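First the structure, in the form of structure tokens, and then the observations on it.
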Amino acid sequence: MCRLNSNDILEMKRGIVEMSTRAGQECGDFGTEGSGGKRMKQSCLTDRLYFNKVVDVDEEYNINAFSFAELLEHICPVASIHFNFMIDLRWLLE
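Per this note's numbering, the very first residue in the sequence shown carries number 395; after that it's consecutive.
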């Protein structure tokens, strides 16, 4: 098993920032775009938690969520971990 210490992680982050700077990308925070209230996607990888869109729920609940394809397209991952799980709400509330 590969174990990373905090120095290794910091070096990876520095490398990501340097690579995105050389590529002409800028990291910005989220803002709103257009009148639909959709969030703007970031152009590089950061230490963020992203939520996946859920099918068959009102759009208001998916405003701050991204499809997996959108994540790959907009955060330009160099090193990334993706956890995907679903909770059965009825079961949880019983």
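Even for Gly, the Cβ is constructed at its ideal location relative to N, Cα and C. All values derive from a computational prediction rather than experimental measurement.
Measuring straight from C-alpha to C-alpha, what distance separates residue i and residue j?
i, j, result
"Glu454", "Phe477", "23 Å"
"Met480", "Ser474", "20 Å"
"Ser437", "Leu486", "Its pLDDT being 43, under 50, Ser437 is placed unreliably by the model, and nothing is read from it."
"Asp452", "Val472", "32 Å"
"Ile469", "Asp450", "25 Å"
"Ser461", "Leu443", "13 Å"
Over the uninterrupted alpha helix (DSSP H) stretch that includes residue i, give me the two end residues.
i, result
"Arg484", "483–487"
"Ala463", "462–469"
By the 10 Å Cβ neighbour count, where 16 or more other Cβ atoms means buried, how is residue i classified, buried or exposed?
i, result
"Leu483", "exposed"
"Leu457", "Note on residue identity: the sequence assigns Ile, not Leu, to residue 457. Ile457 is exposed by the Cβ-count criterion."
"Leu465", "buried"
If you check the beta carbons only, do residue i and residue j fall under 8 Å apart?
i, j, result
"Lys447", "Ala463", "no"
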